[in-house]
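So the structure is just underneath, and the comments pick up after that.
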Amino acid sequence: MDLYEYQAKELFKANQVPTQEGAVVTSAEAAKLAAESFGGATVIKAQVKTGGRGKAGGVKLANDPAAAFTHAQNILGLDIKGHIVKKILVTPAEDIESEFYVSFLVDRSNRSFLCMASVAGGIDIEEVAAKTPEKLAKIQIDPLQGVSLELALAIAREAQIPEEIQDATAEVIMRLWDTFINSDATLVEVNPLVKTADNRVVALDGKVTLDENAFFRHPDFENYVDISNEDPLETAAKAKGLNYVKLDGSVGVIGNGAGLVMSTLDVVAYAGENFGGVKPANFLDIGGGASAQVMADGLEIILSDKDVKSVFVNVFGGITACDAVANGIVQAIEMLSSKENYQQKPIVVRLDGNNAKAGLEILRSANIKNIEIVETMDAAASKAAELAKWAK
Ligand code: GDP
Ligand code: MN
2 MDLYEYQAKE LFKANQVPTQ EGAVVTSAEA AKLAAESFGG ATVIKAQVKT GGRGKAGGVK
62 LANDPAAAFT HAQNILGLDI KGHIVKKILV TPAEDIESEF YVSFLVDRSN RSFLCMASVA
122 GGIDIEEVAA KTPEKLAKIQ IDPLQGVSLE LALAIAREAQ IPEEIQDATA EVIMRLWDTF
182 INSDATLVEV NPLVKTADNR VVALDGKVTL DENAFFRHPD FENYVDISNE DPLETAAKAK
242 GLNYVKLDGS VGVIGNGAGL VMSTLDVVAY AGENFGGVKP ANFLDIGGGA SAQVMADGLE
302 IILSDKDVKS VFVNVFGGIT ACDAVANGIV QAIEMLSSKE NYQQKPIVVR LDGNNAKAGL
362 EILRSANIKN IEIVETMDAA ASKAAELAKW AK
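First residue of the sequence shown: 2, per our numbering; consecutive thereafter.
Written out as structure tokens, the structure is:
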């Protein structure tokens with residue numbers, strides 16, 4: 002998960018990486034107040050999760066609070082590569098003498114970590130790599146050894162950082178490594194790392210990508226989860242612990258096991274070609290248990306998707322037998338139909354595997370009018386696609 006610059010800088014501060022103070026605001030008025038409180042010149046910076054904000058007009062120097070107001074007004078609402086600016090970071094401006102580049106990342110091809118550093122900062126690192134590769138140092142980091150002061154100094158030298166600030170830069174490099182390791186990040190990038198006129202080394206920009214698989218070690222990172230950019234159905238599904246991804250078709254899909262659901266998506270898309278290009282509306286894996294509650298949660302999410310015209314429940318009974326799943330479906334429909342906002346849509350069910358016969362019997366005798374049982378996966382997918390096509 003990518004962080005905003007201001008969040009990256011919070012992690013920098015926590016790891017003693019020198020960076021400026023800052024205030025995050027959402028209005029021009031608040032930007033002006035922040036500029037007043039900092040005094041002097043400030044930089045008004047769009048907070049979007051994409052690079053090249055400067056070039057897109059999303060980073061502006063403001064000499065006084067009135068200018069901060071004007072810049073903030075222009076930047077708020079700006080579209081930077083499809084990202085609309087809703088938040089702004091106001092920071093005291095630094096007097097920059099030179100701009101460098103430093104990053105740590107996971108280097109998958111070498112099964113290791115990599116540090117990249119360059120005296121040529123403030124521009125795209127891809128450009129440096131292409132045009133002046135001799136200015137880009139690439140140093141593999143042994144995960145067990147980490148970054149000692151000695152290694153950090155060697156990196157600073159190889160990156161051609163001016164001699165008088167090599168020590169200070171090495172110190173920052175070590176702390177950026179700390180940030181990378183302590184946060185379980187897959188990327189920590191500073192572009193530019195600057196030398197100020199008064200010879201300090203400061204991280205002026207920050208990009209951090211966190212490894213969500215390590216979030217269990219960082220309960221405080223929950224705050225970084227940005228639900229404003231997320232699909233509301235995905236947010237609701239996540240809250241219920243469901244493995245759900247919204248897609249753009251009209252056949253809702255529920256299955257047990259990620260592999261089965263993936264192939265169900267393929268089969269639905271294939272069958273849908275006979276009905277004018279009907280496609281799956283989502284991925285939803287209800288996993289092994291398939292209890293009535295999980296089935297009800299899954300159906301509720303899918304049925305509340307206005308794009309869904311029909312639902313395909315595709316279950317292969319294994320450890321959880323089909324009769325248990327069938328009971329889950331029946332109870333789920335009972336639970337949902339007692340809710341006032343229940344949206345009835347055609348549901349095609351295919352059950353196979355362990356205790357399939359008993360499962361089908363349970364569904365048939367429950368006699369739920371919008372449920373249709375189809376015995377093979379291909380025929381069921383075709384039925385669901387057909388129903389989606391003709392639904393209003
Ligand atoms: P990016 O374009 O998204 O990478 O945004 P940055 O935060 O890297 O800012 C872009 C450029 O704006 C930097 O490379 C600097 O040249 C300039 N800049 C940013 N902050 C300051 C500052 O405090 N003082 C000065 N003089 N320039 C700044
Ligand atoms: Mn930058």
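Where a beta carbon is used, it is the ideal one built from N, C-alpha and C, also for glycine.
Small disclaimer: the values here were computed from a predicted structure and weren't measured.
- Query: Rounded to a whole number of angstroms, what is the C-alpha to C-alpha distance between P347 and F313?
  - Reply: Taking the sequence shown and counting its residues from 1, the one referred to as residue 347 is at position 346. Taking the sequence shown and counting its residues from 1, the one referred to as residue 313 is at position 312. Near 9 Å, if we compare the C-alpha coordinates of F313 and P347.
- Item | Completely contained beta strand (DSSP E) runs for the stretch 202-240, where each covers 3 or more residues | Every unbroken stretch of the beta strand (DSSP E) spanning 3 or more residues and falling wholly within the stretch 202-240 is given here in chain order: 202-204, 208-211.
- Take the Cβ of I320 as the centre, count every other Cβ of all protein chains shown within 10 Å, and call the residue buried at 16 or more, exposed below. Within the sequence shown, residue 320 is the residue found at index 319, counting from 1. In the assembly as shown, I320 is an exposed residue. Its beta-carbon has fewer than 16 other beta-carbons within 10 Å.
- Message: Please tell me whether V396 and V262 are closer than 8 Å, where the distance is taken between their beta carbons.
- Response: Because the chain is modelled from 2 through 393, residue 396 falls outside the range shown and cannot be assessed.
- Message: As a quick check of your reading: which residues have a C-beta less than 6 Å from at least one non-hydrogen atom of the ligand MN, in chain order?
- Response: In chain order, the qualifying residues are N192, D206.
- Rounded straight-line distance, which links the Cα of G78 to that of V44: By one-based count along the sequence shown, residue 44 stands at place 43. By one-based count along the sequence shown, residue 78 stands at place 77. Distance between the alpha carbons of V44 and G78 is about 17 Å.
- Item | Cβ shell of M296 (< 7 Å), same chain only, five flanking positions each side left out | Residue numbering aside, residue 296 sits at position 295 when the sequence shown is read from its first letter. Excluding residues within five positions, the ones whose Cβ falls inside 7 Å are I287, G329, I330, A333.
- Query: When the Cα atoms are used, what is the spatial distance from G147 to L137?
  - Reply: Position 146 of the sequence shown, counting from 1, holds the residue named residue 147. Position 136 of the sequence shown, counting from 1, holds the residue named residue 137. G147 and L137: Cα-Cα distance of roughly 20 Å.
- For the candidate residues K87, L12, T377, E30, whose alpha-carbon lies nearest to that of Q48? As a first step, residue 48 must be located in the sequence shown, where it is residue number 47. Nearest of K87, L12, T377, E30 to Q48, Cα basis: K87.
- Which value, in whole angstroms, describes the spacing of the CA atoms of V195 and N75? Within the sequence shown, numbered from 1, the residue matching residue 195 stands at position 194. Within the sequence shown, numbered from 1, the residue matching residue 75 stands at position 74. Note on geometry: alpha-carbon atoms of V195 and N75 lie some 26 Å from one another.
- Query: Leaving out the 5 sequence neighbours to the left and right, which residues in its chain are closer than 8 Å to A259 when beta-carbon positions are compared?
  - Reply: Here residue 259 refers to the residue found at position 258 when the sequence shown is read from its first residue. If we look at A259 and ignore the five residues flanking it on each side, its Cβ neighbours are N244, D286.
- Alpha carbon to alpha carbon, what distance is there between E373 and G250? Residue mapping note: residue 250 aligns to position 249 of the sequence shown, counting from 1. Residue mapping note: residue 373 aligns to position 372 of the sequence shown, counting from 1. Rounded to whole angstroms, G250 to E373 spans 20 Å at the Cα level.
- Task: Would you mind sorting Y102 into buried or exposed? The rule is 16 or more other CB atoms within 10 Å of its CB.
- Result: Residue mapping note: residue 102 aligns to position 101 of the sequence shown, counting from 1. Buried: at least 16 other Cβ atoms inside 10 Å.
- Item | Residue interval of the beta strand (DSSP E) (run including Q394) | Residue coverage of the chain in this structure runs from 2 to 393, which leaves residue 394 outside it and unanswerable.
- Task: Quick one: residues in its chain with C-beta nearer than 6 Å to the C-beta of K46, no 5 flanking neighbours on either side, listed in chain order?
- Result: For this step, residue 46 is matched to residue 45 along the sequence shown. Cβ contact annotation for K46 (same chain, cutoff 6 Å, sequence separation greater than five): V60, L90, in chain order.
- Message: Which of the three DSSP states is assigned to N371 in this structure?
- Response: Translated into the one-based positions of the sequence shown, residue 371 becomes position 370. Note: N371 maps to coil in three-state DSSP.
- Query: How is D3 classed by DSSP in three states: helix, strand or coil?
  - Reply: Walking along the sequence shown from the start, residue 3 turns up at place 2. It is a strand residue.
- Message: Can you look up S305 in the DSSP assignment and give me helix, strand or coil?
- Response: On the sequence shown, position 304 is the one that residue 305 refers to. DSSP places S305 in coil when its eight states are reduced to three.
- Query: Can you list, in chain order, the residues of its chain whose CB lies under 6 Å from that of A169, leaving out five sequence neighbours each side?
  - Reply: To locate residue 169, count along the sequence shown from 1; it is residue 168. Within the same chain, A169 has close Cβ partners V202.
- Message: Does the contact criterion of 3 or more C-beta pairs under 8 Å hold for the stretch 349-362 versus the stretch 374-393?
- Response: At 8 Å Cβ cutoff, the stretches touch.
- Which residues does DSSP pair with K46 in a beta bridge? Here residue 46 corresponds to residue number 45 of the sequence shown, with the count starting at 1. Under the DSSP definition of a beta bridge, K46 partners with V60, L90.
- Which class does R351 belong to by DSSP, given the choice of helix, strand or coil? Residue numbering aside, residue 351 sits at position 350 when the sequence shown is read from its first letter. Strand.
- Which same chain residues, not among the five before or five after L266, have their C-beta less than 7 Å away from its C-beta? Reading the sequence shown from its first residue, position 265 is the one you call residue 266. For L266, where only same-chain residues beyond five positions count, the Cβ hits under 7 Å are V254, P281, F284.
- Reducing DSSP to helix, strand and coil, say where D249 ends up. Taking the first residue of the sequence shown as 1, we reach residue 249 at position 248. Correct three-state label for D249: coil.
- Alpha carbon to alpha carbon, how far is E135 from E164? Here residue 135 is taken as the residue at index 134 of the sequence shown, counted from 1. Here residue 164 is taken as the residue at index 163 of the sequence shown, counted from 1. Each residue's Cα considered, the two are about 18 Å apart.
- Query: Does the stretch 22-32 come close enough to the stretch 211-221 to have 3 or more Cβ pairs within less than 8 Å?
  - Reply: Contact annotation: the stretch 22-32 does not touch the stretch 211-221, with fewer than three C-beta pairs closer than 8 Å.
- Query: Among G83, F114, G55, which residue has its Cα nearest to the Cα of D125?
  - Reply: Along the sequence shown, read from residue 1 onward, the residue named residue 125 stands at position 124. Comparing Cα-Cα distances from D125 to each of G83, F114, G55, the minimum goes to G55.
- Query: Three-state secondary structure (DSSP) at D168?
  - Reply: Along the sequence shown, one-based indexing puts residue 168 at 167. In the displayed model, D168 falls within a helix according to three-state DSSP.
- Message: Going by DSSP in three states, E376 sits in which element: helix, strand or coil?
- Response: As a first step, residue 376 must be located in the sequence shown, where it is residue number 375. Of the three classes helix, strand and coil, the one that applies to E376 here is coil, per DSSP.
- Cβ-heavy atom distance, E95 to the ligand GDP, below 7 Å: Against the sequence shown, residue 95 aligns to sequence position 94. The closest heavy atom of the ligand GDP lies less than 7 Å from the beta carbon of E95.
- Apart from the five residues just before and just after A131, which ones in its own chain have a Cβ nearer than 6 Å to its Cβ? As a position in the sequence shown, residue 131 is number 130, starting the count at 1. Cβ neighbours of A131 within its own chain (closer than 6 Å, five residues either side excluded): none.
- Item | Nearest-angstrom Cα separation, counted from V226 out to Y5 | As a position in the sequence shown, residue 5 is number 4, starting the count at 1. As a position in the sequence shown, residue 226 is number 225, starting the count at 1. Straight-line Cα distance between these residues: approximately 11 Å.
- Query: Which class does D80 belong to by DSSP, given the choice of helix, strand or coil?
  - Reply: Here residue 80 refers to the residue found at position 79 of the sequence shown. If DSSP states are grouped into helix, strand and coil, D80 belongs with the strands.
- Which of helix, strand or coil does DSSP assign to P19? Stepping through the sequence shown from its first residue, residue 19 is reached at position 18. DSSP places P19 outside both helix and strand once states are collapsed to three, so it counts as coil.
- Query: Assuming T180 contacts V189 under a Cβ cut-off of 8 Å, what Cβ separation, rounded to an integer in Å, is found between them?
  - Reply: The sequence position of residue 180 within the sequence shown is 179, counting from 1. The sequence position of residue 189 within the sequence shown is 188, counting from 1. Contact flag correct, Cβ pair sits at about 5 Å.
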